[in-house]
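Undergrad: Got a structure for you, written out below as structure tokens; questions coming shortly.
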Amino acid sequence: MKKIRVSKNRLAVTILAGIVLVLFFATVAGLVFYRDMIRRLGEVQEEVYTEYPRLYAYIAEDPDSQLSKRIYKEITEYAQQNGCYVEMTGQNLTKNYSKADRINIAISSKVDGIILEGDNSAETSALCKKAIENNIPVVTVLSDCEESSRTSFVNLNNVDLGKEYGRQLAKLRGEKPTASTLNAVILLDTDTRNSDDTIYRSIMAFMAGGTVSLSSYTVDTSTPFATQEKIMKKLDELDKQNNIPDVIVCLNDRTTESTIQCIVEKNLVGKTKILGYYDSETILKAIEKGSVSVTFTVEADTIAKQCINLLNEYNDTGLPSNYATAGYIKIDRTNVAKYYPEEDKNEG
Amino acid sequence: MKANFFANMKISRKLVAVFLATSVIAMGVNIFIYFNLNQALNKINSVFASNISLNELSDGLNKTHQGLTGYLETKGTDDLELYFASYQNVKVMMRQLNSNITDSNVKLSERDIRNMLDTYLKTADEAVQAKRGRNIDEYTAKYNECTKIKDYLNTYIYSVNNEQFRTNSENYMALVNSLRYTEIMSVLIFAVASVMNILLIIILTSTITRPLTRLSAKADEISQGSPENVEPLEVYSEDEVGKVTRAFNEMLASIKDYIARIRTQLITQSEMKEKNLLMETHLKDAQLKYLQSQINPHFLFNTLNAGAQLAMMEGADRTVEYIRNMADFFRYNVKKSSETVKLSEEIELVDSYMYILNVRYAGEILFEKDIDESLLNVMVPSMIIQPLVENSIKYGIKDLEPGEGKVTLSVYREDKMCCIRVSDNGIGTDEEIIEKIMNHEKRPSETRGVGITNVMARLDLYYNNKEVFEMKSRKNEGTHVTIKIPLEGENV
Numbered sequence: 008m009k010k011i012r013v014s015k016n017r018l019a020v021t022i023l024a025g026i027v028l029v030l031f032f033a034t035v036a037g038l039v040f041y042r043d044m045i046r047r048l049g050e051v052q053e054e055v056y057t058e059y060p061r062l063y064a065y066i067a068e069d070p071d072s073q074l075s076k077r078i079y080k081e082i083t084e085y086a087q088q089n090g091c092y093v094e095m096t097g098q099n100l101t102k103n104y105s106k107a108d109r110i111n112i113a114i115s116s117k118v119d120g121i122i123l124e125g126d127n128s129a130e131t132s133a134l135c136k137k138a139i140e141n142n143i144p145v146v147t148v149l150s151d152c153e154e155s156s157r158t159s160f161v162n163l164n165n166v167d168l169g170k171e172y173g174r175q176l177a178k179l180r181g182e183k184p185t186a187s188t189l190n191a192v193i194l195l196d197t198d199t200r201n202s203d204d205t206i207y208r209s210i211m212a213f214m215a216g217g218t219v220s221l222s223s224y225t226v227d228t229s230t231p232f233a234t235q236e237k238i239m240k241k242l243d244e245l246d247k248q249n250n251i252p253d254v255i256v257c258l259n260d261r262t263t264e265s266t267i268q269c270i271v272e273k274n275l276v277g278k279t280k281i282l283g284y285y286d287s288e289t290i291l292k293a294i295e296k297g298s299v300s301v302t303f304t305v306e307a308d309t310i311a312k313q314c315i316n317l318l319n320e321y322n323d324t325g326l327p328s329n330y331a332t333a334g335y336i337k338i339d340r341t342n343v344a345k346y347y348p349e350e351d352k353n354e355g
Numbered sequence: 002m003k004a005n006f007f008a009n010m011k012i013s014r015k016l017v018a019v020f021l022a023t024s025v026i027a028m029g030v031n032i033f034i035y036f037n038l039n040q041a042l043n044k045i046n047s048v049f050a051s052n053i054s055l056n057e058l059s060d061g062l063n064k065t066h067q068g069l070t071g072y073l074e075t076k077g078t079d080d081l082e083l084y085f086a087s088y089q090n091v092k093v094m095m096r097q098l099n100s101n102i103t104d105s106n107v108k109l110s111e112r113d114i115r116n117m118l119d120t121y122l123k124t125a126d127e128a129v130q131a132k133r134g135r136n137i138d139e140y141t142a143k144y145n146e147c148t149k150i151k152d153y154l155n156t157y158i159y160s161v162n163n164e165q166f167r168t169n170s171e172n173y174m175a176l177v178n179s180l181r182y183t184e185i186m187s188v189l190i191f192a193v194a195s196v197m198n199i200l201l202i203i204i205l206t207s208t209i210t211r212p213l214t215r216l217s218a219k220a221d222e223i224s225q226g227s228p229e230n231v232e233p234l235e236v237y238s239e240d241e242v243g244k245v246t247r248a249f250n251e252m253l254a255s256i257k258d259y260i261a262r263i264r265t266q267l268i269t270q271s272e273m274k275e276k277n278l279l280m281e282t283h284l285k286d287a288q289l290k291y292l293q294s295q296i297n298p299h300f301l302f303n304t305l306n307a308g309a310q311l312a313m314m315e316g317a318d319r320t321v322e323y324i325r326n327m328a329d330f331f332r333y334n335v336k337k338s339s340e341t342v343k344l345s346e347e348i349e350l351v352d353s354y355m356y357i358l359n360v361r362y363a364g365e366i367l368f369e370k371d372i373d374e375s376l377l378n379v380m381v382p383s384m385i386i387q388p389l390v391e392n393s394i395k396y397g398i399k400d401l402e403p404g405e406g407k408v409t410l411s412v413y414r415e416d417k418m419c420c421i422r423v424s425d426n427g428i429g430t431d432e433e434i435i436e437k438i439m440n441h442e443k444r445p446s447e448t449r450g451v452g453i454t455n456v457m458a459r460l461d462l463y464y465n466n467k468e469v470f471e472m473k474s475r476k477n478e479g480t481h482v483t484i485k486i487p488l489e490g491e492n493v
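Each protein sequence line maps, in turn, to chains A and B. Residue numbering for the first sequence follows this note's numbering, beginning at 8 and increasing consecutively. Residue numbering for the second sequence follows this note's numbering, beginning at 2 and increasing consecutively.
Below, the structure written as structure tokens:
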């Protein structure tokens, strides 16, 4: 009887000791887990990023334009594939800086190269010079900075573009009675006067001696929301003069989209044709509907490749390649379907 | 080994060890959790550290520019000092900014800020140098350049600060949410550790109290009686309880031993009582036999006295003497039969007896006495000499020719003993008979009157089996019976 009691006591103590051992390990495991939890607290906020050996700055005339964004996107993708990173200088800041300031920022922040949408202003030329002095190669794109000592220029061949616009005008003229004159207006942008002027001159040269009346109208696209208002105002003015144009030639995405909207508002669809620029969704839809006869868009991927290759080549060898070219793509009702973004195609 | 070590520790140390162990566990868990929680809080605090350092950087830049402006304007030393102090400060802070090109907007902006700061500081340095060279155009141009860069920097810092604040706020919320889980975890750990501590205390204190409980249970068993059936406890430890258990076991053994001794003593006592009863029985038996064989003493005294008076009236003096001696002899028997008496009284009895016998046997028995008078007051059991003398006459000298028989009574001192010897010159006693008498095999019934066996039995009882009786004899050389009374107690 006593022996049983003793063995019961011993059993109870053994069980308790076992429980204590289990609890001890549970406590230790808990503490280890707790420590791990605390350690992971810091890890959660760690940002994962990739490092690159080179940084290039992309400075567009209008960073908010769709074309600039498209080109930046292509450049970024190609750059990352080729071991460098491109930042759109001046973006994501609380303040909007002028192109000159953005060039200055790029120089001050010691980038390895600048991709610049050039112009022929003295200020830009001086800044290009300053960049070169600071051993920063400058590649101009879309439009050149002829007076500067920029390293390279990726030419879009705006003369050819002008000729193409001219061909389209001639074609539209051909659709009209032979006695009548095709009344066309070309909308020029103050900011990109350089490339616009080239295109305009090329159109004029192509149309010389023809029965096309081509007048130009300058639209300031630098102020947000003003573009559409100004085009509408011009159309109202022409309407009052009973001189609604048969064709409106637009040389950038903003003016193209604004003109599409104005034509719809003024119920001029089918009466006034638009020769557009760029291939935004709005523009593509307008082609389908017939308000835009044709639009031209740059080969953004080609531009991107050439810009990055030129800069990398310069940085690797120290030898500049002065010139590279990229073309335009013509989009009309015959080929508009293939230019829709992938997701829209899928939805369709 | 460890268990033995713990078991052999003193109770006070055991208790200290128990509380120390549990306290150390609780304290360890607390410190660990406190340390980690502190680390977590530091992490939370450090979430906005980037904002703070960017603000400090902005302040430093503005102060540098303020110093630069002041110096270029007035060439004041205070401004220059401010410029240099802020310059160094900004340079130190600048080094903490990211310098790598990454696809993270914030990191990239940090890199831009760092490089722009470097450009700013170089340009500012050049402006200061130009000021020292008093080249107004140059330092003005440099200053304008610095102002522009400062403006870019402030915009960048502000923008990055905003971006970081947004990210940091998200991180802060994530951290605070995660911290809630860690709080739950820490509470769980505390609970588990507390349960473990409680169980540990129960186990360890039970190892201390269990032996005490067993001891108390044993004590209960003993208190309920029959401790001789209680088994001793096993000693598992050498602590105080172990010592008490050992002492308890010894005490239990002592109790058992004591009980055994008492039991033996009781047996001895009952044996003693038995002996006393036997002695009394013997004495009464002797008296009974004596009384049965004699005439009622009172009646006898009266008749003897009447006889003595008659003899006196008739002038028979010898008859008077005889009758008186007879009366003395029987009176002694009646009076002293159950008492201790002085040796002198015993001798007087023998004298009376011999007188009577000599009257009876007409002076045929020669009786001699050799007495050490210093021993006359020695106390002896009554009726021990007369039976011996009677025995000598009856079995020793009975068959001798009249006048040849001789009985000698000697009282002498030997080795602190009072020796009483009764000798005769009779036919002696067979050794076989002596052996029988000495071994108490010869029953009193085999003798007539108060016999030697009765004397021996009483002496044995009175002197607790000490060999006080001695009987020696040779064929035809008589028998010598000696009683050795120890001279101790009242007889010293």
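Beta carbons: idealized from backbone N, C-alpha and C, even for Gly. Since this is a predicted model, take the numbers as computed values, not measurements.
To test your reading of the DSSP string, which unbroken beta strand (DSSP E) runs of 3 or more residues are found completely within the region 292-327 of chain A?
TA: 299-305
Undergrad: Quick check on DSSP: helix, strand or coil for ARG449 of chain B?
TA: Note that ARG449 of chain B has pLDDT 37, beneath the 50 cutoff, so the model's placement of it is unreliable and no number is given.
Undergrad: Could you spell out where the alpha helix (DSSP H) holding ALA125 of chain B opens and where it closes?
TA: 106-133 is the extent of the alpha helix (DSSP H) around ALA125 of chain B.
Undergrad: Quick one: list the residues of chain A neighbouring ASN163 of chain B, beta-carbon separation under 7 Å, in chain order.
TA: THR101
Undergrad: With a threshold of 8 Å between beta-carbons, can PRO144 of chain A be considered close to chain B, or not?
TA: no
Undergrad: Give the residues from the region 112-143 of chain B that approach chain A closer than 7 Å (Cβ to any Cβ), ordered along the chain.
TA: From the region 112-143 of chain B, only ASP113, ASN116, MET117, THR120 have a Cβ closer than 7 Å to chain A.
Undergrad: For the beta strand (DSSP E) that VAL118 of chain A lies in, which residues bound it at each end?
TA: First-last for VAL118 of chain A: undefined, no H or E at that position.
Undergrad: Curious, which full-length beta strand (DSSP E) runs of at least 3 residues does the region 232-280 of chain A contain?
TA: 254-257
Undergrad: Taking the C-alpha atoms as reference points, what is the distance between LEU179 of chain A and LEU189 of chain A?
TA: 8 Å
Undergrad: To the nearest angstrom, how far is the alpha carbon of PHE566 of chain B from that of ILE372 of chain B?
TA: Within the shown structure, residues of chain B are numbered from 2 to 493, placing residue 566 of chain B beyond reach of any answer.
Undergrad: Against chain B, does TYR56 of chain A count as a neighbour if the rule is that its beta carbon must be under 8 Å from one of theirs?
TA: yes
Undergrad: Looking at ALA333 of chain A: is its Cβ nearer than 8 Å to the Cβ of VAL305 of chain A?
TA: yes
Undergrad: Which residues of chain A have a Cβ atom closer than 8 Å to the Cβ of GLN225 of chain B, listed in chain order?
TA: None at all; the shortest Cβ gap to chain A is about 15 Å.
Undergrad: What three-state label does DSSP hand GLU146 of chain B in the structure shown?
TA: It is helical.
Undergrad: To the nearest angstrom, how far is it from the Cα of ILE202 of chain B to the Cα of ASN31 of chain B?
TA: 18 Å
Undergrad: Measuring only between beta-carbons, confirm whether VAL20 of chain A sits less than 8 Å from chain B.
TA: It does; some Cβ of chain B falls within 8 Å.
Undergrad: Grab me the residues of ASN9 of chain B's own chain with a C-beta within less than 8 Å of its C-beta, minus the 5 sequence neighbours each way, in chain order.
TA: SER238, GLU239, ASP240, GLY243
Undergrad: Taking Cβ-Cβ distances shorter than 9 Å, what residues in chain B pair up with TYR59 of chain A?
TA: The contacting residues are ASN101, ILE102, THR103, ASP104.
Undergrad: Between the beta-carbon of VAL350 of chain B and the beta-carbon of PHE368 of chain B, is there less than 8 Å?
TA: It should be pointed out that residue 350 of chain B corresponds to Leu in this sequence rather than to Val. No, they are not a contact pair.
Undergrad: What are the residues in the region 109-140 of chain A lying within 7 Å of chain B by C-beta distance?
TA: ASN111, ILE112, SER115, SER116, LYS117
Undergrad: With a CB to CB cut of under 6 Å and the five nearest residues on each side skipped, what residues in its chain are close to ALA67 of chain A?
TA: Contacts found: SER75, GLU124.
Undergrad: Are the C-beta of VAL299 of chain A and some C-beta of chain B separated by less than 8 Å?
TA: no
Undergrad: So if DSSP puts PHE368 of chain B in a beta bridge, which residue, or which two residues, is it bridged to?
TA: Paired residues: B:VAL408.
Undergrad: Under a three-way DSSP split, which group does THR197 of chain A fall into?
TA: THR197 of chain A: coil per DSSP, three-state reduction.
Undergrad: DSSP three-state label for LEU282 of chain A, please.
TA: strand
Undergrad: Starting from the C-beta of THR218 of chain A, find all residues in its chain whose C-beta is less than 7 Å away, skip the five residues before and the five after it, and write them out in chain order.
TA: A distance below 7 Å between beta-carbons, with the five flanking residues on each side excluded, links THR218 of chain A to the following residues of its chain, in chain order: ARG180, THR188, LEU189.
Undergrad: Using a Cβ cut-off of 7 Å, pull out every chain A residue sitting near ILE190 of chain B, in sequence order please.
TA: Near ILE190 of chain B (Cβ distances below 7 Å), the residues of chain A are THR34, GLY37, LEU38, TYR41.
Undergrad: Given that LEU200 of chain B touches chain A, what residues does it touch there, using C-beta distances under 8 Å?
TA: LEU23, ILE26, VAL27, LEU30
Undergrad: What's the call for SER446 of chain B, buried or exposed, on a 16-neighbour Cβ count within 10 Å?
TA: In this prediction, SER446 of chain B scores a pLDDT of 48, lower than 50, which makes its location untrustworthy; the coordinate-derived value is nonetheless stated afterwards. Answer is exposed; the Cβ neighbour count stays below 16.
Undergrad: Which of the three DSSP states, helix, strand or coil, is assigned to ASN190 of chain A?
TA: strand
Undergrad: Check the DSSP bridge columns for PRO487 of chain B and list the partner residues they point to.
TA: B:MET418
Undergrad: With the cut-off set at 8 Å, would you say LEU305 of chain B and ILE385 of chain B are in Cβ contact?
TA: no
Undergrad: Show which residues of chain A have a CB atom less than 7 Å away from the CB atom of ASN145 of chain B.
TA: The premise fails here: ASN145 of chain B is roughly 11 Å from chain A at the closest Cβ pair, so nothing lies under 7 Å.
Undergrad: So, is MET327 of chain B buried or exposed, given that buried needs 16 or more other C-beta atoms within 10 angstroms?
TA: buried
Undergrad: If SER156 of chain A sits next to LYS136 of chain A, beta carbons under 8 Å apart, how far is it from one beta carbon to the other, in whole angstroms?
TA: 6 Å
Undergrad: Give me the DSSP bridge partner(s) of PRO382 of chain B.
TA: DSSP, once it has assigned bridges, lists B:THR341 as partnering PRO382 of chain B.
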